[in-house]
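Just below is one structure, and these are the notes that go with it.
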Amino acid sequence: MNPSAKRLAWTGLVVAGFVSLWPSPAPAGHEAVGVYEDWRGSSTLRSDRWLVREDGQNEEIALGIQGHRLTMRNRREGATASDAGSVGGVQALLARNLSNIDRMEADLRVRNLEVSGCAANPGQTLVRPALLAVSAFNDGTSDAGQTGDHAIQVQVNGPIDTVDAASVLTVQANVVRCLNAACTIGSSPVFALGIATLPISKPFTLRAAWDRPNHRFLVGVNADPDVELAYDAALDTANARVPFASVRTAVVTANCTAGHTTADVEVEVGEVRTNVSAIVP
Amino acid sequence: MNTTLTRYGTLMLLAAILVLGVRPVAANADGLATYEDWTTAATIRSDRWVGSSDLGHERLREVRGGKLLMRYRREGATLSDVGATGFFSNRLNFRNPLRVDEMEVELNVRDVSLTGCPANATASITRAATVDLNRISDLAPGTPSAPGDLTGDHIARVEVRRLSDSTDPAGLLTVRALLFRCENPGCASTMLVGAPVVLGQVRTHRWFRVRLIWDPNGNEFRAGLDDDPDVTLPYPPEANARPANNPLAAIRLQHLPANCTVASGGPTAGDAAIEVGTVRTNASAIIP
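Going down the list, the protein sequences come from chains A and B. In case it helps, my numbering puts the first sequence at residues 41 to 321. In case it helps, my numbering puts the second sequence at residues 298 to 585.
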């Protein structure tokens, strides 16, 4: 973990799925974890549990329940007007809990992943098959909206520019601070890289928890031990103004005059677990 | 039908045309050429299309088997039994809407379902498909308008819809053409220009074609269903004071689910799935 500040380029997308549709969070505790969703109680998404948001520009998109799993896919092609910059697309599955979620786990599997980058604009075409995020507190910033809200995000990174048999997924975690009201830009004052390396084709579980009394977040992958991300206790002055918990997929494509780049990801979401007080019966 | 009745029917038709400001004209699809038949790429081409969707639930925009499949499902809010929260869409926009003056789209409604709320006087609305064209604005040239602001823009639409209180047989949808002015930046508030015109009805699992044509010289849009004669959607010349601030040409699915508390049986839901076949436009809009 590196406690120094690291500013991230969000391209207006990564946190754009945060919307103010949830009640204020209750105080966090060390509750047991239970099943929030197993996709068995209904053949369609339950609006009392979920809301779906698409951000950015995706040409193709799919989200639906198939065989007790939720399938999420988004695909976009890059623009061809230049060899500079990139554009992203995000699909977010937002929990609509009636009480606060301070712990979330999701079983995931990558069903398909395609990346085709640009030699003249390398390093910018990528997929993020999963981003698990849970909001926490606000640091007292007086601006409106999400400015000053902090969240924990566990991010699965796919290969960049190309994918082959040796490609793997890497997992990192960030404590994200929103820098504007809509949280289209953010910084990451605390982060942990290299939490795990995963084969693309193997199912995995992500988890993130806010341990408010101890001023830290705990994240993990599969049965691996938790990784701690501690923050300055003085930052926690109030509950997050826009509480949320989400599972997202994201694609980013580089602009490329030689031809359009491509990023495509399809993920299966299995069971989702949260602290039991957040479960919607 | 005897001569008197025939004459009476003709007079009634003419009266209706005068009242509604609508007149049938010859179908005008001869100038159209194929913009998209979903066979030149295995996926949606980004040089031709831009996708987007609103908050909702299940959704789909994918090319499969030489057709575009689209689905959108949205459940309504449960906080009250009054009104509806708004319209929500899954849309596929033409990449260069300013080039599109005419379009014709082959459609097949694969599935449509919607529920209303017995305690809410507002019916749920499902537009299994709409074809939209936004090219003109009545704002005076030079009037400041923020990027994306739809205020003053006029959207011509052909919609394939069903209401939750419809008494039509299951699987039957009504095709209407209409022209409306956007009254606010997001176009959540609109004002009709003339009355909507019913073009006919279509059934699920059957292909049909809808058409939308802009005739700037005639100050009108024209709309049609299959080989039926086009009808006109006239607008006053001042409605075309300048180009639309947020031009668009789009194919979309759209739902307005009525609010409904759980105690009243909520939430309501709108769900529709369509196949989009060949899309034709004026030749100058085509992207090879």
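Every residue, glycine too, gets a C-beta built ideally from N, C-alpha and C. All values derive from a computational prediction rather than experimental measurement.
Whole-angstrom distance between residue j and residue i, CA atom to CA atom
| i | j | result |
| --- | --- | --- |
| A/S241 | A/R151 | 7 Å |
| B/V495 | B/R473 | 4 Å |
| A/T297 | A/A303 | 16 Å |
| A/T245 | B/F477 | 49 Å |
| A/G107 | B/R368 | 18 Å |
| B/L460 | B/T565 | 12 Å |
| A/R89 | A/R136 | 5 Å |
| B/R371 | B/R407 | 17 Å |
| A/R47 | B/D344 | Because A/R47 carries a pLDDT of 37, less than 50, the predicted location of this residue cannot be relied on, and the following value inherits that uncertainty. Using only the alpha carbons, I get a separation of about 33 Å. |
| B/L550 | B/G353 | 12 Å |
| A/I101 | A/A290 | 11 Å |
| B/P438 | A/L133 | 42 Å |
| A/I200 | A/S82 | 37 Å |
| B/W365 | B/P441 | Sequence check: residue 365 of chain B is Leu here, not Trp. Taking the straight line joining both Cα atoms gives about 38 Å. |
| B/V451 | B/R388 | Before going on, a small fix: residue 451 of chain B reads as His here, not Val. Those two C-alpha atoms are separated by around 18 Å. |
| A/D272 | A/I225 | 21 Å |
| B/F505 | B/T412 | 25 Å |
| A/T238 | A/A170 | Reading off the sequence, residue 238 of chain A comes out as Leu, not Thr. Taking the straight line from one Cα to the other gives about 13 Å. |
| B/G497 | B/L522 | 7 Å |
| A/R113 | B/A381 | 29 Å |
| A/H255 | A/R281 | 18 Å |
| A/V292 | B/V347 | 15 Å |
| A/A285 | B/D525 | 51 Å |
| B/L376 | B/S561 | 11 Å |
| A/S156 | A/V167 | 10 Å |
| A/G104 | B/G515 | 45 Å |
Amino acids of chain B, ordered along the chain, whose beta-carbon sits closer than 9 Å to that of residue i
| i | result |
| --- | --- |
| A/V287 | Per Cβ cutoff of 9 Å: no residues; A/V287 is ~15 Å from chain B at best. |
Listed by chain order, chain A residues near residue i by CB distance under 9 Å
| i | result |
| --- | --- |
| B/T427 | Result: empty, since nearest Cβ-Cβ is about 18 Å, beyond 9 Å. |
Residue i - partner residues in DSSP beta bridges
| i | result |
| --- | --- |
| B/K364 | B/R361 |
| B/V472 | B/V457, B/G497 |
| B/E572 | B/L366, B/N405 |
| A/L85 | A/L85 is not bridged to any residue. |
| A/W90 | A/A135 |
| A/G234 | In DSSP, A/G234 forms no bridge with anything. |
| A/C218 | A/G226 |
| B/D512 | B/E517 |
| B/T487 | B/C479 |
| B/F384 | B/F384 is not bridged to any residue. |
| B/F505 | B/L404 |
| A/S286 | A/L134, A/A173 |
| A/G260 | A/R247 |
| B/L395 | Paired residues: none, contrary to the question. |
| A/A303 | A/R116, A/V155 |
| A/W79 | Answer by DSSP bridge pairing: none, since A/W79 is not bridged. |
| A/E308 | A/T111, A/R149 |
Listed by chain order, chain A residues near residue i by CB distance under 8 Å
| i | result |
| --- | --- |
| B/P394 | Going along chain A, no residue has its Cβ under 8 Å from B/P394, so there is no contact; the nearest lies around 15 Å. |
| B/R370 | T84, L85 |
Distance between beta carbons of residue j and residue i, contact taken as under 8 Å
| i | j | result |
| --- | --- | --- |
| B/V507 | B/V428 | 5 Å |
| A/G128 | A/A294 | Contact flag wrong, Cβ pair sits at about 11 Å. |
| A/S317 | A/E77 | Contact flag wrong, Cβ pair sits at about 15 Å. |
| B/P394 | B/P544 | 4 Å |
| B/G574 | B/E403 | 3 Å |
| B/T448 | B/E480 | 7 Å |
| A/A38 | A/Q212 | Absent from the structure is residue 38 of chain A, since the part of chain A shown begins at 41 and ends at 321. |
| B/S421 | B/G567 | 6 Å |
| B/I583 | B/A330 | 6 Å |
| A/V215 | A/V230 | 4 Å |
| B/L470 | B/V499 | 5 Å |
| A/G188 | A/R217 | 7 Å |
| B/A578 | B/Y332 | Position check: residue 578 of chain B holds Thr in this sequence, whereas Ala was assumed. The Cβ separation is near 4 Å, so the contact holds. |
Contacts that residue i makes with chain A (C-beta to C-beta distance below 7 Å)
| i | result |
| --- | --- |
| B/P564 | S87 |
Cross-chain neighbours of residue i in chain B, by beta carbon under 8 Å
| i | result |
| --- | --- |
| A/A102 | R356, L357, R358, E359 |
Contact list for residue i against chain B, beta-carbon separation under 7 Å
| i | result |
| --- | --- |
| A/E117 | S343 |
| A/H300 | S343 |
Chain C contact for residue i (CB, 8 Å cutoff)
| i | result |
| --- | --- |
| B/A474 | This model lacks chain C altogether; the protein chains it does include are A and B. |
Interface residues of the stretch 334–359 of chain B facing chain A [CB-CB below 9 Å]
T340, I341, R342, S343, D344, W346, V347, G348, S349, S350, D351, L352, G353, H354, E355, R356, L357, R358, E359
Identify each residue in the stretch 89–100 of chain A for which the Cβ-Cβ distance to at least one residue of chain B is less than 8 Å, and report them in chain order.
W90, L91, V92, R93, E94, Q97, N98, E99, E100
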